[in-house]
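Once you know that position 141 of the sequence shown is 671 in our numbering, the rest is easy, because the numbers rise by one and skip nothing. Note that CB positions come from ideal geometry on N, CA and C, so glycine has one too.
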Amino acid sequence: MKPHKQIKDWGLGLTTPLIIAGPCSAETPEQIEQICKEMKEENMVPQLFRAGIWKPRTRPGSFEGVGEEGLKWMEIVRHHLNIPITTEVGNASHVELALKHKVDVLWIGARTTVNPFAVQEIAEALRGVDIPVMIKNPMNPDLELWMGALERMYAVGIEKLAAIHRGFSDAYDKRFRNKPNWSMPIHLKRQWTGMEVINDPSHIVGRRDGLLEVAQSAMNFGLDGLMIETHHDPDKAWSDAKQQVTPARLKEMISSIDFKESLEAMKPDEKLQDLRRAVDHLDDQLLDILQERFAVIDQIGAHKREHHLSVFQSDRWKDVMESRTQKGVAKHLSEKFMKELLYCIHEESVKRQEKQLREGEALKK
């Protein structure tokens, strides 16, 4: 992946971990002024102030943002806090208006990221413009869509890029508004070296309780900052009231978080190097054992082919799943991990045996 400009190089005086805060929606100039006032009083001024101007709602009739008028109110932030501002854009018209009012950073929301046509429209509107763009993950856990949106920006000359992790829709997990699925931002950082990912616990949790836990997890996983929705009177907010916090609570949260040092920015000490070498050695042993296991699986496949037996045997699979999972849990491995591991091994085993049967059939012909 081609190099891009990181947050510290955006020319806005920002650093990581980046703290972004502000209301879900800009509602009135008085609201913006009061939030700024309380942030200043609490000595909790974020590095970047956020506010939604246009709000993509699921159904018509909901509050969809105040529109361009709200961009004028953002000057209040510059006057009181002297920090850069950011807002969401969903189409070329939004981009034009945001640039007109000198918004410092743009972000693309999850509902837009899912649509390559919309992302490309925004990219074309930004062609040749020197402005940072942050892109939220799509609603569904699709890493290619997330990567693709970042790549579309890069292709038109946007080099100041970052991603925002706001979780993924999951109809069955009621603990979160949007399930964090931590592997996704980690995979993004692996595939695009140096890509910084800001965590949005507000949209992951969907309520005030639990924000701190998710924010800490984000720092533990090595993400690069937080975007937390902040309102002077959250219960009366015009949108997403349940997940916003006051500037005073924001200060409490930030002071409680254990921000981790990034290993990418420092050289690991000798102790850590020794432990990593030990892991490398154990991984080699694991691969040797897997090689031996699949060699036996191949022999089983040959036996089944010779005796005209089917590949899958439900009783055997059930016994393997239950017994191995129990043994793993007894060795302090999680049940979820054991089941996922066994499914992967079983899938590969079935494929190898099925291949044996197909080769046998081909020989008969």
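Asked: Three-state secondary structure assigned by DSSP to TRP768; Found: coil
Asked: Sequence-distant residues of the same chain with beta carbon closer than 7 Å to ASP788, five excluded per side; Found: GLN746 and MET749
Asked: Cβ distance (whole Å) where VAL619 is taken to contact ILE652 below 8 Å; Found: 6 Å
Asked: Under 8 Å between C-beta atoms of ASP730 and HIS761; Found: no
Asked: Whole runs of the alpha helix (DSSP H) within the segment 626-692, excluding any shorter than 4 residues; Found: 640-643, 646-655 and 673-685
Asked: Beta carbon of PHE576 nearer than 8 Å to that of ALA551; Found: Before going on, a small fix: residue 576 reads as Pro here, not Phe. Taking 8 Å as the Cβ cut-off, PRO576 and ALA551 qualify as a contacting pair.
Asked: Ordered list of alpha helix (DSSP H) runs contained in the segment 575-630, each at least 4 residues; Found: 598-603, 605-611 and 622-630
Asked: Where THR855 falls: helix, strand or coil (DSSP); Found: helix
Asked: Whole-Å CB distance - LYS690 paired with ASP700, under 8 Å assumed; Found: Going by Cβ atoms, the distance from LYS690 to ASP700 rounds to 32 Å, so no, they are not a contact pair.
Asked: Span of the alpha helix (DSSP H) around GLY831; Found: 800-836
Asked: PHE698 in three-state terms, based on DSSP; Found: strand
Asked: Simplified DSSP assignment, three categories, for LEU756; Found: strand
Asked: ILE830 versus LYS602, GLN886 and ILE562, residue with shortest Cα-Cα distance; Found: GLN886
Asked: Counterpart residues of SER555 in DSSP-defined beta bridges; Found: GLY582
Asked: Backbone CA spacing between THR642 and GLU560 [nearest angstrom]; Found: 30 Å
Asked: Proximity below 8 Å, CB of TRP676 to CB of ALA693; Found: yes
Asked: 6 Å CB neighbourhood of LEU816 in its chain, flanking five on each side removed; Found: none
Asked: Beta-carbon contacts of VAL744 that lie in its chain and below 6 Å, excluding the five residues immediately before and after; Found: PRO731, ILE734 and VAL735
Asked: C-beta contact flag for MET714 and LEU673 at 8 Å; Found: yes
Asked: Alpha-carbon spacing of VAL826 relative to ASN711, whole angstroms; Found: 35 Å
Asked: When GLU605, MET574, ASP849 and LEU548 are compared against ILE562, the one with the closest alpha-carbon; Found: GLU605
Asked: Segment limits, alpha helix (DSSP H) that includes ILE728; Found: Looking at the DSSP string, ILE728 is not in any alpha helix (DSSP H); the run it does join, the beta strand (DSSP E), is 727-729.
Asked: Coarse secondary structure for LYS535, derived from DSSP in three states; Found: strand
Asked: Assigned secondary structure, VAL775 (DSSP; H/G/I helix, E/B strand, else coil); Found: strand
Asked: Closest by C-alpha distance to PHE706, when choosing among THR723, ILE688, LEU741 and HIS717; Found: LEU741
Asked: Exposed unless 16 or more other CB atoms sit within 10 angstroms - verdict on PRO614; Found: buried
Asked: Candidates GLY541, GLU568 and ALA771: closest to HIS610 by CA position; Found: GLU568
Asked: Chain D within 8 Å of LYS602, Cβ atoms only; Found: Looking at the structure shown, chain D is missing, and only one protein chain is on hand.
Asked: Touch test, the segment 797-816 against the segment 840-856, Cβ-Cβ under 8 Å, three pairs minimum; Found: no
Asked: The alpha helix (DSSP H) enclosing VAL744, as first and last residue numbers; Found: 741-750
Asked: Endpoints, alpha helix (DSSP H) assigned at ARG720; Found: 713-721
Asked: Backbone CA spacing between VAL880 and MET725 [nearest angstrom]; Found: 38 Å
Asked: For ILE549, three-class secondary structure by DSSP; Found: strand
Asked: Secondary structure of LYS709, DSSP reduced to three states; Found: strand
Asked: Cβ neighbours of GLY597 in the same chain (closer than 7 Å, five flanking residues each side left out); Found: ILE583 and TRP584
Asked: Cβ neighbour criterion (16 or more within 10 Å) applied to HIS624; Found: buried
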